[in-house]
Amino acid sequence: MSYLVEQVLNGVSLGSIYGLIALGFAFVFGVLKLLNLAHSEVFAAAAYLAWAALGWLMSRSVGTPVMNVLLAAGVACVGAGLLAMLIERVAYRPLRSEPRIRTLLTAIGMSLLLQNLGIRFLSARTRGFAPVTLPVSPRVFAVMALLASLLVVLALLTGTKAGLRLRAVAEDPATSQLFGINPNRQVTLAFFIGGCLAGVAGLTWGLVYGTVNPQMGFHVGLKAFIIAVLGSIGRPTGTVLAGVALGIVESLAGAYLPSSVSSYRDPVTLSLLLAVMVWRPSGLLGARKTHRV
Amino acid sequence: MSLEFVLYHCAQLGIALLLVQSLNVLWRAGLFSFGNHGFAAIGAYAAVIVLRLLVEGRSNWDLPHNGVRVAGHGVFLLSVIVGVLVAGLAGGLLGRLLRKLRDDYFAVATLVFAEIMQGIFSNWSYVGGPMGYEARYLFFANDKIEGLAYCGSFAALLTLLNALLYRGIAKAERWLAGGWVLAVESNEQAARATGIDVDRVRMGVLAVGAGIAGGAGAIVLHLNSMILPSDFSFANSLPVLVYVVLGGLRPRRCIVATIIVYIVYEFLKLRAGGLLGATVGAFVFQWRDVLLAAVLILAVVVPALVRRRLASVGARA
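These protein sequences, in sequence, are chains A and B. So the first sequence is numbered by the numbering used here: it starts at -17 and just counts up by one. So the second sequence is numbered by the numbering used here: it starts at 4 and just counts up by one.
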């Protein structure tokens, strides 16, 4: 029983990371109706920023471990947010009035560009995160980070003028422009917030799994994207729940499947996600309003 | 630079052209698939299974290098045909499965499918697993001109295949089925209203495109005598994406773009015989994937910026 509970907890922490990345996907899609496939590389870049910042802070014993983690989170969030804004400016804004496939192509190009730049500058080898002793275990930290991020996102969207403007642009960009809202600025803000969420996810991944490498983003990002679909794009709560559910399924599959089959964990997980994508493209909870996929 | 080297690269270029034509068939029909590397993998590994069933374990497995082996030709042809058919079947089934998805969702679903295929082949020990598969027999061998005959045969075969495919696709566009495809691509709802079975058309196009990619994958196995699961990764499909984007989805332009970019890249890799120096060649070789990704982005963004500029100039006029 305790083994089962442990695997479920492992799954919850993995799912928390998926949920954080998926939130970033869902945030940008909600505003721009754009699948930002480069988001997975923003997550990987954020993990590297967190690795570098935490390593520097811990080596110089700047503050307490908690303070160092929070500072590293700040660095990762701001860095990832700025990177996401740069990606939007370079790869997406010029194509705002173009067919969607062109935006998808630049998204893929940007994803591969960042991945390969990471390999060239940082080498493909896996790096270890600086060991940190926190008052809570990394798994609990992951869940806390997810809940905190979800609360911040919900508060931002429902309780601030910035959130109101974001929702207005998401609902109807043309009409919101008539009311004096600059859609470009809101889109940039959405990308920044999505990048910040990726920053939290990157730091959390490093603390939970202790390693980073330039190619970590692709498969994790692919799963997170489908989780965003699964959880009904545009509904943060649904996205988070879907992420945690997938994390638990993946963890239990890895623990209880026979060893001859457990190496197929990734293809099986992706197949399940693909099946849901085909069966319910609007998500398990259904979209807020009907939209063509 | 020997003749064998040139012929080997002609053969590699022929493979790239097959993959470009495969992607072109799909994209011109409005099926923006990013899973072509998955179909190539299916074709290649189907060919591996044919080799394992028909050739391995037989007494004549190690064919002596002293002449043409008809058995080698027969197994080669059979494995490629099986690769084409299995990949085509997979493409058709995928088309049926994804019939409700469009645009971004369809594209990502095909990408996920390809990653599933790569995950399966990477772990399947029968086809070599992560270590890949080495085909230790030769399609054609001769003691005196082994490499030359080998590369030359593949170069000739692939040139012929590409020419026939290009011609075949151009003719097919004038058939009734070709008209259906163009109708579905330009306006799906109108096509449906005129009685065209859109789902079946999409399935058919995906089957054809996947079959071509599968054939390319099967031929790669024989050309290189070895395949690895990583040969069919998404990152390795980047050059093909670049070629198709540079060609603007027009078949002839895609072929020209493929030939030019491939030759320029290989020329720079050779350090241009001292013209440009070793530094440029080494830089291009090491930063190839970064450069290709940058070219992909620029090839999409720059024309869009130009169109926007022209539109604003036109509006002012």
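Note that beta-carbon positions come from the ideal geometry of N, C-alpha and C, so glycine has one too.
Looking only at B/GLN121, B/GLN289, B/PHE288, the smallest Cα-Cα distance to A/VAL250 is reached by B/GLN121.
DSSP places A/THR46 in no alpha helix (DSSP H); its state is neither H nor E.
Cβ-Cβ separation between B/TYR169 and B/PRO254: approximately 6 angstroms, consistent with a contact (criterion under 8 angstroms).
Pairing B/PHE235 with B/HIS40 gives a Cβ-Cβ distance under 8 angstroms. Across the structure, A/LEU171 and A/PRO240 are spaced so that their CA atoms are roughly 46 angstroms apart.
With a 10 Å radius around the Cβ and a threshold of 16 neighbouring Cβ atoms, A/LEU86 comes out buried. In terms of Cβ geometry, A/ALA28 and A/ALA62 form a close pair [threshold 8 angstroms]. TRP290, ASP292, VAL293, ALA296, ALA297, LEU299, ILE300, VAL303, VAL304, ALA307, LEU308: these are the residues of the stretch 286 to 309 of chain B whose beta carbon lies less than 7 angstroms from some beta carbon of chain A, given in chain order.
The shortest C-alpha to C-alpha distance from A/LEU133 to any of A/VAL222, A/GLY91, A/ARG78 is the one to A/VAL222. Between the stretch 22 to 38 of chain A and the stretch 70 to 80 of chain A, the count of Cβ pairs shorter than 8 angstroms is below three; the stretches do not touch. For B/PHE35, the residues of chain A that pass the 8 angstroms Cβ criterion are ILE83, LEU86, in the order they occur in the chain. Between the alpha carbons of A/LEU234 and A/GLY181 lies a distance of about 27 angstroms. Residue pairing from DSSP places A/VAL194 in a beta bridge opposite A/ARG109. Three or more beta-carbon pairs separated by less than 8 angstroms are not found between the stretch 5 to 20 of chain B and the stretch 44 to 53 of chain B, which leaves the two stretches without contact.
Between the beta-carbon of A/LEU68 and that of A/PRO196 there is about 18 angstroms, and that puts the pair past the 8 angstroms contact cut. Taking 8 angstroms as the threshold, the shortest C-beta distance from A/ASN98 to chain B falls below it. In the three-state reduction of the DSSP assignment, A/ILE69 falls in the helix class. Residue-level contact by beta carbon fails for B/ALA43 and chain A, as no gap is shorter than 8 angstroms. With respect to the C-alpha of B/PHE42, the residue from B/GLY91, B/GLN289, B/SER189, B/ALA238 having the closest C-alpha is B/GLY91. Closer than 9 angstroms at the C-beta level to chain A, one finds these residues of the stretch 218 to 246 of chain B: PHE237, ALA238, LEU241, LEU244, VAL245. Rounded to whole angstroms, the Cβ separation of A/GLY91 and B/ILE263 is 19 angstroms, and the two are not in contact under 8 angstroms.
At a cut-off of 8 angstroms between C-beta atoms, B/ASN39 does not count as an interface residue with respect to chain A. Under a criterion of Cβ atoms nearer than 9 angstroms, the residues of chain A adjacent to B/VAL111 are, in order, LEU17, LEU19, LEU86, LEU204, PHE207, ILE208, VAL211, MET259. Shown here, B/ILE230 sits in a strand according to DSSP, grouped into three states.
Closest option to A/VAL151, judged by alpha-carbon separation, among A/ILE83, A/LEU94, A/LEU129, A/VAL10: A/VAL10.
Pairing B/ILE123 with A/ALA137, the inter-Cα distance amounts to about 43 angstroms. Around A/ARG102, the beta-carbon contacts reaching into chain B at under 9 angstroms are GLN289, TRP290, ASP292, VAL293. The alpha helix (DSSP H) runs lying completely inside the stretch 123 to 189 of chain A and spanning 4 residues or more are 143 to 153, 155 to 160, given in chain order. By the neighbour-count definition (other C-beta atoms within 10 Å, threshold 16), B/PHE79 is a buried residue. Taking the beta carbon of B/TYR108 as reference, the chain A residues within 9 angstroms of it are LEU17, VAL211, MET259, PRO263, VAL275, listed in sequence order. Contact between B/ALA296 and B/LEU241 holds: CB atoms are separated by about 6 angstroms, below the 8 angstroms threshold.
When DSSP states are grouped into helix, strand and coil, B/GLU118 belongs to the helix group. For the stretch 118 to 142 of chain B, the residues whose beta carbon sits under 7 angstroms from a beta carbon of chain A are, in order, GLU118, ILE119, GLY122, ILE123, ASN126. B/GLU176 sits in coil when the DSSP states are folded into three classes, being neither helix nor strand.
Listed along chain B are PHE37, LEU244, LEU299, each with a C-beta nearer than 8 angstroms to that of A/ILE90. Closest option to A/VAL(-6), judged by alpha-carbon separation, among A/LEU228, A/LYS15, A/PHE111, A/VAL24: A/LEU228.
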